[in-house]
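Some notes on the structure that comes next.
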Amino acid sequence: MQLPQTTSHVQHRIIDWFSTNARDLPWRSADRTPWGVLVSEVMLQQTPVVRVLPVWQEWLRRWPRPSDLAAEPSGEAVRAWGRLGYPRRALRLHAAATRISSEFDDAVPATVAELKSLPGIGDYTAAAVAAFAFGVRSTVVDTNVRRVEARLFSGTALPAPSLNAAEMQLAEALLPLDRETSVSWNAASMELGALLCTARSPKCAACPVRTDCAWLAAGEPEPTYQPKGQPWAGTDRQLRGAVMAVLRQAEHPVPRSLFFTPAVGLDGPAEDGDPPLQRLHALASDSTRLERILADLVHDGLAESSAAGLKLPG
DNA sequence: AATGCGTGGTT
DNA sequence: TAACCAAGCAT
Numbered sequence: 001m002q003l004p005q006t007t008s009h010v011q012h013r014i015i016d017w018f019s020t021n022a023r024d025l026p027w028r029s030a031d032r033t034p035w036g037v038l039v040s041e042v043m044l045q046q047t048p049v050v051r052v053l054p055v056w057q058e059w060l061r062r063w064p065r066p067s068d069l070a071a072e073p074s075g076e077a078v079r080a081w082g083r084l085g086y087p088r089r090a091l092r093l094h095a096a097a098t099r100i101s102s103e104f105d106d107a108v109p110a111t112v113a114e115l116k117s118l119p120g121i122g123d124y125t126a127a128a129v130a131a132f133a134f135g136v137r138s139t140v141v142d143t144n145v146r147r148v149e150a151r152l153f154s155g156t157a158l159p160a161p162s163l164n165a166a167e168m169q170l171a172e173a174l175l176p177l178d179r180e181t182s183v184s185w186n187a188a189s190m191e192l193g194a195l196l197c198t199a200r201s202p203k204c205a206a207c208p209v210r211t212d213c214a215w216l217a218a219g220e221p222e223p224t225y226q227p228k229g230q231p232w233a234g235t236d237r238q239l240r241g242a243v244m245a246v247l248r249q250a251e252h253p254v255p256r257s258l259f260f261t262p263a264v265g266l267d268g269p270a271e272d273g274d275p276p277l278q279r280l281h282a283l284a285s286d287s288t289r290l291e292r293i294l295a296d297l298v299h300d301g302l303a304e305s306s307a308a309g310l311k312l313p314g
C-alpha cells in the first residue's frame with residue numbers, strides 16, 4: 001500500500017479527538033521526566049494502566065532518578081514491582097538504571113539506538129521513550145497502533161499474529177513528517193486503540209474516523225485466525241509466580257524446608273485469598289519440579305540462594 | 001520465529 | 001466461566 005507521508009484528514013481527526021479525550025496520566029504531565037516516562041513504558045509492557053498507576057507513583061517517589069534506583073539492590077526493585085507481573089522487567093529496569101547512571105551521567109538517552117541498547121528496552125519502548133520523553137520523530141508501533149491500522153487501512157478485525165515488515169512500512173508511511181505532529185499521531189493512535197478501537201467490542205459509534213474505516217466498510221468481518229491462548233493452570237509460570245509472591249512478602253531468607261514441607265492442616269485447592277506460602281504448597285505437589293523452578297529463578301537473578309534459604313537478590 | 005515469561009480484570 | 005487480553009522483550 002502506497003501512502004503519501006503527508007498528514008491526512010483521517011490522521012488529523014484522530015489527533016483532534018486525542019486533544020479532548022486523552023487520559024490525564026501522570027507520565028504525560030507537564031512536569032514528567034524522561035526517567036518517569038521510561039519507567040511507565042516498561043511497566044506498561046503487557047500490563048494495564050490501572051494496575052500500573054499506583055506502582056509507578058511509588059517508584060517515582062522513591063527513586064526519582066535512575067541513580068536512586070541503581071543505589072539499591074535489585075531485589076528492592078523486584079519487591080516494589082509488586083504484582084505487576086513479569087518481574088524480570090523490574091530486574092531489567094534496575095540494570096538499565098545502573099547503566100544510565102554509570103554510562104549516561106544519570107540522564108536517560110534520547111536516541112532510539114542508545115535506548116535499545118538498554119536491557120528490557122526493545123523496538124516499541126525505545127521508540128515510545130524517544131517520542132514521548134524527548135519529542136523525537138520515531139515510529140511507535142504497539143498492539144493498539146497495530147489494531148487501529150489493521151482496521152482502518154487494511155480492513156481486518158485484528159493485525160497479524162506478530163509484527164511484520166509490511167505493517168512496519170505502513171506505520172512508517174503514516175508517520176507525519178512534522179516532528180511535533182508525529183508525536184501527537186503516535187500518542188493519539190495508541191490512545192484510540194486503547195479507549196475505542198479495542199480488541200473486543202470496539203466503541204465504533206464514538207470513533208472519530210468511523211466513516212473512513214475499512215473494517216467497518218467491509219461489514220466488520222471476523223478475525224481470520226484463532227488467537228493462541230495463554231495457558232496458565234499447571235504451568236511453570238504459575239508456580240514461579242507463587243514462589244515470587246512468597247519471596248516478595250518475606251523479610252528474611254525463607255528456609256528451603258518451608259518450600260518443600262507444607263504445614264499440616266493447610267492442604268487443599270489454591271484460592272485467591274490464601275497466604276503466599278499456602279498457595280505455593282497447594283500448587284507444588286512435585287518436589288522435583290519445585291526444585292527446578294527454584295533453580296531457574298536463581299539462574300534468572302530473581303532469587304538468591306544461601307544456607308539460610310531463598311530471598312530476593314540483595 | 002516460536003516460545004516462555006505474571007497477573008488480574010473483562011466478557 | 002473459561003477464555004481472552006493488556007503501551008513486549010529476549011532467546
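When we follow full-length UniProt numbering, the leftmost residue of the first sequence carries the number 1, and every step to the right adds one. Even glycine gets a Cβ: it sits at the ideal position worked out from N, Cα and C.
Residue burial classification, residue i (beta-carbon count within 10 angstroms, cutoff 16)
| i | result |
| --- | --- |
| N186 | buried |
| residue 378 | The requested residue 378 does not occur in the structure, where the chain is confined to residues 1 to 314. |
| G36 | buried |
| P142 | Here residue 142 turns out to be Asp, not Pro, going by the sequence shown. The residue in question, D142, is buried, as its Cβ has 16 or more Cβ neighbours within 10 Å. |
| E149 | buried |
| N144 | buried |
| R89 | buried |
| H94 | buried |
| P223 | exposed |
| R83 | exposed |
| G120 | buried |
| L177 | exposed |
| G241 | buried |
| A126 | buried |
| A188 | buried |
| M1 | Because M1 carries a pLDDT of 48, less than 50, the predicted location of this residue cannot be relied on, and no value is offered for it. |
| P161 | exposed |
Helix, strand or coil at residue i according to DSSP, with G and I counted as helix
| i | result |
| --- | --- |
| S306 | strand |
| K116 | helix |
| V140 | coil |
| V37 | helix |
| V254 | strand |
| L297 | helix |
8 Å contact criterion, which residue i and residue j should meet: CB distance rounded
| i | j | result |
| --- | --- | --- |
| R99 | L115 | Rounded, the Cβ-Cβ distance is 11 Å, inconsistent with contact. |
| L38 | A113 | Not quite, the Cβ-Cβ distance comes to about 15 Å (not below 8 Å), so this is no contact. |
| D105 | R65 | 11 Å between Cβ atoms; not a contact. |
| V78 | L302 | 6 Å |
| I293 | L216 | Incorrect: roughly 47 Å between the Cβ atoms, too far for contact. |
| V49 | V209 | Between V209 and V49 the Cβ distance is about 23 Å, and since that is not below 8 Å, they are no contact. |
For residue j and residue i, the rounded distance between their alpha carbons
| i | j | result |
| --- | --- | --- |
| P87 | T211 | 42 Å |
| L195 | H252 | 43 Å |
| A218 | T198 | 18 Å |
| R237 | E72 | 27 Å |
| V183 | M43 | 21 Å |
| residue 315 | A307 | What the structure shows of the chain is the stretch from 1 to 314, and residue 315 is not part of that stretch, so it cannot be assessed. |
| A22 | H12 | 15 Å |
| V298 | E291 | 11 Å |
| S305 | A214 | 56 Å |
| R151 | T181 | 22 Å |
| I15 | P159 | 22 Å |
| C204 | G85 | 31 Å |
| R51 | L192 | 20 Å |
| S101 | P54 | 25 Å |
| W17 | A206 | 10 Å |
| R32 | A295 | 40 Å |
| R256 | A70 | 29 Å |
| residue 338 | W81 | In the structure as shown, the chain starts at 1 and stops at 314, and residue 338 therefore has no counterpart that could be examined. |
| M168 | V243 | 39 Å |
| V254 | T288 | 18 Å |
| Q45 | F259 | 30 Å |
| S154 | R147 | 10 Å |
| A173 | A128 | 17 Å |
| T6 | R179 | 12 Å |
| S74 | T47 | 21 Å |
| R200 | R279 | 32 Å |
| S19 | A96 | 32 Å |
| S285 | D300 | 23 Å |
| T235 | S40 | 28 Å |
| L266 | P275 | Confidence is the limiting factor: at L266 the pLDDT is only 49, short of 50, which leaves the residue's position unreliable and the question unanswerable from this model. |
| L170 | T156 | 14 Å |
| Y225 | S8 | 31 Å |
| P221 | V108 | 43 Å |
Quick check: the region 54-64 against the region 133-150, are at least 3 beta-carbon pairs closer than 8 Å?
no
Do the region 229-238 and the region 21-37 make contact, defined as three or more Cβ pairs closer than 8 Å?
no
Take every Cβ of the region 307-314, pair it with every Cβ of the region 239-251, and state whether three or more of those distances are shorter than 8 Å.
yes
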